[in-house]
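*Asks:* I'd like to ask some things about the structure below.
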Amino acid sequence: MRSIHVLVIGGGIGGLCLAHGLLRAGVRVTVFERTNARTDWLQGYRIHINPHGSRALHDCLPLEAWQRFLDTVSVRGGGFGFVTEHLRDLLRFTASEILPETDPAEGHHGASRLGLREALLTGLDDEVLRLGAEFERYTVAPDGRVTAHFTDGGTATGDLLVGADGANSRVRRQLLPHAERIDTGVLAIAGKHPLPDATLPRVLTDDTNLVLPARRGSLFTSVWHPDPATGSTAYALWGFSDVTATFPPGVEALAGADLRRLVLDRTTGWARGLRDLVGDSDPDTINAIRVRSATPVGPWEPGPVTLLGDAIHNMTPMAGIGANTALRDADLLRRTLTAGDLRTAVHTYEEQMRGYGFAAVAKSLRNARMGASANRPARLALRTTLRTVSAVPPMKRRFAAGLGN
Ligand SMILES: Cc1cc2nc3c(=O)[nH]c(=O)nc-3n(C[C@H](O)[C@H](O)[C@H](O)COP(=O)(O)OP(=O)(O)OC[C@H]3O[C@@H](n4cnc5c(N)ncnc54)[C@H](O)[C@@H]3O)c2cc1C
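According to the numbering used here, the sequence shown is numbered sequentially starting from 14.
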């Protein structure tokens with residue numbers, strides 16, 4: 014392919030991974046990120062990287078950045094359990110059942126957003142990453158070249174513009190004005206509990222869990238154990254989700270302590286460990302979010318503008334695969350761009366990306382609705398299925414192989 018210049022709008026997880034992949038292949042790339050500092054991206058939450066994400070990071074990042082990513086992943090906490098509200102196991106996997114000894118490039122990893130960000134920034138200089146550049150709109154010239162216009166009046170022209178600008182993408186709004194993001198009707202309240210805490214049950218300080226009570230709603234718990242050498246602190250993260258309409262109006266604006274009270278009211282009678290996890294969390298870490306999701310969009314005419322990650326297939330966090338899908342996009346687009354002419358590359362990328370991207374959206378929407386369900390017979394049937402899987406080793410192995418993918 015003739016030498017091209019790729020403009021990436023958004024220096025988030027997908028945009029930065031794509032930039033590395035293109036640079037490694039010798040393709041000229043510039044990333045435009047609206048925030049100003051290299052550390053502006055600071056939601057300190059743990060993020061699960063699955064084999065799709067690991068493979069993309071391994072194949073796109075230079076060795077130094079990949080090593081930096083591996084150095085910052087969580088050092089413990091690999092088990093996963095489905096439990097009742099009384100903390101009785103429905104189905105539990107040990108770390109080694111989920112993470113058989115594999116090549117790190119094919120494995121699962123628990124990463125902090127900050128650690129992932131630092132790894133993704135490794136080796137990107139000011140020529141490649143332009144900070145403080147807020148994209149406004151694009152124009153396409155008759156020769157097919159595309160110009161990005163920024164809010165400060167600046168412009169940049171290239172051969173391909175990639176909208177990697179997240180869930181509220183301006184690139185998507187211009188390219189696909191009919192693409193919608195819906196409110197799923199599910200609300201999640203999330204917080205953090207500092208660790209160590211010897212009074213909490215071991216499964217809450219070591220494993221990831223999904224609590225499926227007999228009645229309604231669900232509670233997700235996870236842990237972050239950094240390498241002690243990094244000096245950052247360990248914590249357990251939790252997220253309670255239920256149907257938005259069952260919460261008081263204006264719930265998102267409530268203070269952390271009031272949100273904590275709401276969750277405690279809804280978990281009366283649950284195991285003490287679960288209530289302590291919520292009750293002893295710092296109110297400053299607790300917030301409520303309305304869970305939103307993209308709706309699938311049919312094929313569009315490929316051109317000099319495309320989309321990647323949350324900008325096209327924003328999904329609920331309830332399958333833990335949004336970032337992994339963004340990384341998979343970055344790797345796929347890097348491969349198609351370095352294999353053929355620009356138009357074919359974009360066409361091939363978009364066709365494949367829509368397939369797995371919207372399948373991931375559908376899966377995460379199902380999980381969100383299942384987690385918030387008040388359908389008691391369906392919930393009891395799910396609990397019975399999980400107990401059955403637990404009792405039948407081949408079913409359990411198959412289930413483990415699909416976790417987080
Ligand atoms: C609570 C929670 C937990 C999650 N857990 C997981 C998990 O365990 N595993 C997983 O795979 N996914 C998880 N996700 C989803 C994941 O965070 C997203 O899918 C992922 O960040 C998407 O990456 P992206 O590169 O598409 O967008 P982002 O990472 O959002 O990056 C977009 C970038 O574009 C920039 N930008 C936006 N507008 C402009 C503009 N106009 N001009 C210039 N720059 C702009 C933004 O500043 C940002 O840096 C979770 C999400 C949430 C909310």
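All residues carry an ideal CB built from backbone N, CA and C; glycine is no exception. The model shown is predicted, which means the values in this text are computed figures rather than measured ones.
Please go through the same chain and pick out, in chain order, the residues whose beta-carbon is closer than 6 angstroms to the beta-carbon of residue 49, but skip the five residues on each side of it.
*Replies:* 144 and 145
*Asks:* Beta-carbon within less than 7 angstroms of residue 409's beta-carbon, same chain only, minus the 5 sequence neighbours each way: which residues are those?
*Replies:* The answer, listed in chain order, is 402 and 403.
*Asks:* Cβ of residue 301 within 7 angstroms of any heavy atom in ligand 1?
*Replies:* A distance criterion of 7 angstroms places the beta-carbon of residue 301 beyond contact range of ligand 1, judged by its closest non-hydrogen atom.
*Asks:* For residue 290 and residue 133, which I take to be in contact (beta-carbon distance under 8 angstroms), what is that distance rounded to the nearest angstrom?
*Replies:* In fact, because the Cβ distance is near 31 angstroms, the residues do not count as touching under 8 angstroms.
*Asks:* Restricting to Cα atoms, I'd like to know which of 344, 153, 360 and 182 is closest to residue 170.
*Replies:* 153
*Asks:* Just the C-alpha distance for residue 420 and residue 101, rounded to the nearest angstrom, thanks.
*Replies:* Shown here, the chain extends from 14 to 418; a query on residue 420 therefore has no answer.
*Asks:* Heavy atom of ligand 1 less than 7 angstroms from the Cβ of residue 261, yes or no?
*Replies:* Outside the cutoff, so no.
*Asks:* DSSP three-state call for residue 26: helix, strand or coil?
*Replies:* Looking at residue 26 - three-state DSSP - the assignment turns out to be helix.
*Asks:* Note down, in chain order, each residue of its chain lying with its Cβ closer than 8 angstroms to the Cβ of residue 167, except the 5 sequence neighbours on either side.
*Replies:* 146.
*Asks:* Does the distance from the CB of residue 339 to the CB of residue 350 come in under 8 angstroms?
*Replies:* No, these two residues do not count as a Cβ contact at 8 angstroms.
*Asks:* Measuring CB to CB, does residue 138 end up less than 8 angstroms from residue 23?
*Replies:* no
*Asks:* Who are the near neighbours of residue 412 in its chain, counting only those whose CB is closer than 7 angstroms to its CB and skipping five residues on each side?
*Replies:* 402
*Asks:* Suppose the cutoff is 8 angstroms on Cβ atoms and the five residues either side in sequence are ignored; what does the same chain contact list for residue 306 look like?
*Replies:* 194, 195, 197, 327, 328, 329, 374, 377, 378 and 381
*Asks:* Which runs of the alpha helix (DSSP H) spanning at least 4 residues fall entirely within the region 237-288, listed in chain order?
*Replies:* 269-279
*Asks:* Say the cut is 7 angstroms; is the CB of residue 323 nearer than that to a heavy atom of ligand 1?
*Replies:* yes
*Asks:* So what does DSSP say about residue 124, is it helix, strand or coil?
*Replies:* strand
*Asks:* Consider the C-beta atom of residue 195 and the heavy atoms of ligand 1; say whether any pair is separated by less than 7 angstroms.
*Replies:* no
*Asks:* Look up residue 138 in the DSSP assignment and say whether it is helix, strand or coil.
*Replies:* Residue 138: coil per DSSP, three-state reduction.
*Asks:* Grab me the residues of residue 164's own chain with a C-beta within less than 6 angstroms of its C-beta, minus the 5 sequence neighbours each way, in chain order.
*Replies:* 147 and 149
*Asks:* Between the alpha carbons of residue 247 and residue 128, how many angstroms are there, rounded?
*Replies:* 14 angstroms
*Asks:* Suppose only complete runs of 3+ residues qualify. What are the beta strand (DSSP E) ranges in the region 199-228, listed by chain order?
*Replies:* 221-224
*Asks:* Please confirm whether residue 235 and residue 385 have their CB atoms less than 8 angstroms apart.
*Replies:* No. Outside cutoff.
*Asks:* Suppose you measure from the CA of residue 192 to the CA of residue 310; what does that come to, to the nearest Å?
*Replies:* 6 angstroms
*Asks:* Under 6 angstroms Cβ to Cβ from residue 85, same chain only, skipping five residues before and after it: list those, please.
*Replies:* 128
*Asks:* Pull up the DSSP beta-bridge partners for residue 95, would you.
*Replies:* 104 and 223
*Asks:* Can you tell which of 156, 211, 342 and 83 has its C-alpha closest to the C-alpha of residue 368?
*Replies:* 342
*Asks:* For a test of the three-state rule: what should DSSP assign to residue 47, helix, strand or coil?
*Replies:* Coil, per DSSP.
*Asks:* Among 39, 61 and 227, which one has its Cα closest to the Cα of residue 332?
*Replies:* 61
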